[in-house]
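Its first residue numbered 1, the sequence shown is counted upward by one per residue in full-length UniProt numbering.
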Amino acid sequence: MKQFSIVIAGGGSTYTPDMLEMLCLVREHFPLRRVVLYDNDAERQEHIGRFGEILYREYYPEAEFVYTTDEETAFTDIDFALVQIRPGGLKMREMDEKIPLKYGVIGQETCGPGGFAYGMRSVPAMIELVRAIRRWSPEAWILNYSNPAAIVAEATKRVFPDDFRLINICDMPISIMDIFCPLAGGRKRTDVEPRYYGLNHFGWFTAMYDKKTGEDVLPEILEKLKRGNCDDELGFSGKNDAYWNFTFKHLEKMVQDFPHSLPNTYLQYYLYPQTMVSHTDPNYTRANTVIDGREKRVKAYCDEIMSLGKIRGTKFDLDRKYSAGSHKNADGEFESATIAHNDAHATYIVELAMSIAYNQNEVFLLMVENNGIVPNLSDGMMLEVACRVGARGGEPLRIQPAGTFEKGLLEGQYAYEKLTVDAALEGSYQKALQALVVNRTVVDTDLARRILDEYIAVNGEHFPVLK
């Protein structure tokens, strides 16, 4: 069986330890000869790299493990690049969120003005990274998680139009399936095959087919959500995260108001912007929660393992941890098997790599150019849809025409995404202003200008020069 070489670009990410552990867990099914962490921030990557050395020494000694800031070392002769970069880091995310909230506008990582600012940083950084990977490994598969994924996908489509080995994905729809599929007779995500369409963080499930019977179980899920109080069955209030507790509960309201499909949770920012602003502390946003929560938790995890010098036989032992899985503890609180407390993130991207490597033709949600997949939407739109994935990449599964409501929302959002990419690639202040005005969370031109000017001031060299 072929042994693969993988690089994780954004090696200092708090999601990297889970990816490293997941690759260990599937080593018999997806053997590796080399695993590399790459980051342009050596200090941030250091503690995760040292954790990885211990992990791979004990669980995967046959695979070479390296962490580096050197592009040639990282990208030479690789089969897969798993990409999760965040230009500007969490400190800039904090500014992305807090600046619009000063004006009573949505302050969120990927939605509204925050997504615009993040996109302006991510577009040039992602283009530079793809070019570097292609310089050293022209045939490698690039599987990208980097946000804002819709804007990144629009940009990479333009700059690398023929690169079918560059695939943009997101784990949020998968997390939604993990949470809500049990409403259909206790099914798991892996029991169903989804149908979904939209832009990233801006889409809807239209069906979920049982893999054994072919039955569409989505109507059963929607009916229970319409009745409400699904927490009794799902137990997501046991999660130690008030934001996600509110978000999953809010999904019930979205289904009650728009009952014909299951929306992506991020649509709450576009359908209920006033509610979401009122539920956000302008002085302590989601970025602060991540900095004080996941960042510290992952660092403490790595640091404790480094102090022990081992994982086997300790409370961190992979066999012990993952055999228990994600569960409720004795206090009724949710405990995830993963360090980042995101059960989908590492699993999904590794599953995708395996489907490509072994031509498994499993169904995944990918971002692909529309070109008639949804016949009444713009052909160039980078839709997130179900695709059957094998050795030649993803083959999209066609979807029925979008309804008037969904089409109106999607075309407006796509105009915003196109203008954002225009602004980043052309260095156009006018296009940047237009993008924010078109975004349905902003609308007002004077407001958009104030937000834009503050973003330019705080981002400095992280932003393209806008003229």
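From the three backbone atoms N, C-alpha and C, an ideal C-beta is built for every residue, glycine too.
- At the C-beta level, Tyr67 and Leu37 come within 7 Å of one another.
- Ile373 and Asp18 have their C-alpha atoms some 34 Å from each other.
- When DSSP reads this structure, Cys387 sits in a beta bridge with Phe364 and Pro396.
- Gly119 is not a Cβ neighbour of Pro87, given a cutoff of 7 Å.
- Taking a 10 Å sphere around the C-beta of Arg195, we find 16 or more other C-beta atoms and assign the residue as buried.
- For Asn459, the secondary structure class from DSSP, reduced to helix, strand or coil, is helix.
- In this structure Val105 is not in contact with Ser146, their Cβ atoms being roughly 24 Å apart against a cut-off of 8 Å.
- Judged by pairs of C-beta atoms under 8 Å, the stretch 93-105 touches the stretch 449-466, as three or more such pairs exist.
- Beta bridge pairing from DSSP links Pro194 with Met208.
- Secondary structure at Tyr59: helix, using DSSP grouped into helix, strand and coil.
- Our two residues, Val7 and Ala81, have alpha carbons roughly 5 Å apart in a direct line.
- Three or more Cβ pairs closer than 8 Å define a contact, and the stretch 301-315 falls short of that threshold against the stretch 112-126.
- Distance from the CA of Arg392 to the CA of Pro282, rounded to the nearest whole angstrom, comes to 46 Å.
- Per the C-alpha coordinates, the member of Met1, Leu25 and Gly380 positioned closest to Tyr322 is Leu25.
- In this structure, the alpha-carbon of Thr69 lies about 7 Å from that of Asp41.
- The count of Cβ pairs closer than 8 Å, one atom from the stretch 70-79 and one from the stretch 405-414, stays below three, leaving the stretches out of contact.
- The C-beta distance from Arg189 to Ile174 rounds to 7 Å, short enough to fall under 8 Å.
- The beta-bridge partner set that DSSP reports for Met382 consists of Glu369.
- Secondary structure note for Ile169: it is in no beta strand (DSSP E), with a DSSP letter that is neither H nor E.
- By the beta-carbon neighbour count (other beta carbons within 10 angstroms, threshold 16), Ser13 is buried.
- Excluding the 5 residues flanking it on each side, Ile127 has same chain C-beta neighbours closer than 6 Å at Val159, in chain order.
- Distance from the CA of Ile133 to the CA of Gly186, rounded to the nearest whole angstrom, comes to 42 Å.
- The beta carbon of Ser261 lies closer than 7 Å to those of Trp204, Phe205 and Thr206 in the same chain, with the five residues before and after it left out.
- For Arg34, the enclosing beta strand (DSSP E) has its first and last residue at Leu32 to Tyr38.
- With respect to Val192, Asp210 sits close: the two C-beta atoms are nearer than 7 Å.
- Of the candidates Ala386, Ala346, Gln434 and Tyr270, the residue whose Cα lies closest to the Cα of Cys111 is Tyr270.
- Each residue's CA atom was taken as its position, placing Phe4 and Ala357 some 9 Å apart.
- Checking the DSSP bridge columns, you'll see Thr69 has no partner listed.
- Boundaries of the beta strand (DSSP E) harbouring Leu143: Trp141 to Asn144, taken from the DSSP string.
- Between the alpha carbons of Gln400 and Pro375 lies a distance of about 7 Å.
- If you draw a 10 Å sphere on the C-beta of Phe164, you find fewer than 16 other C-beta atoms in it, and that means exposed.
- Bounds of the beta strand (DSSP E) holding Ser5 are Phe4 to Ala9.
- In the DSSP assignment, Leu222 falls within the unbroken alpha helix (DSSP H) covering Leu218 to Arg227.
- The bridge partners DSSP lists for Val298 come to none.
- Contact annotation, Val363 with Arg398: C-beta distance approximately 13 Å; criterion of less than 8 Å not satisfied.
- The C-alpha of Glu295 lies about 32 Å from the C-alpha of Val368.
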